[in-house]
Amino acid sequence: MQEIEMELTGLVEKICKLVEENHGRLDRGYLEGLEVRVASVVEAIRAEREARG
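Counting from 70, one number per residue, gives the positions in the sequence shown under the working numbering.
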């Protein structure tokens, strides 16, 4: 679980940095890629919680 939290934190930091650098204008493809990665991390969290019961 800690590894997942670290990955999410890293993604959020990257997003914040990119927003600052681009003054709110980000590449749509990059954002879609991040969305896919975040969704996979969220799914991993769900699966881990379900496995615990």
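Backbone N, C-alpha and C fix where the C-beta goes; we use that ideal spot for every residue, glycine too.
Range of the contiguous alpha helix (DSSP H) that encloses L100 = Residues R97 to R121.
Do the CB positions of I73 and V110 come within less than 8 Å of each other?
-> Result yes, Cβ atoms of I73 and V110 sit closer than 8 Å.
Would DSSP call G93 helix, strand or coil?
-> In the structure shown, G93 sits in coil (DSSP, three-state: anything other than H, G, I, E or B).
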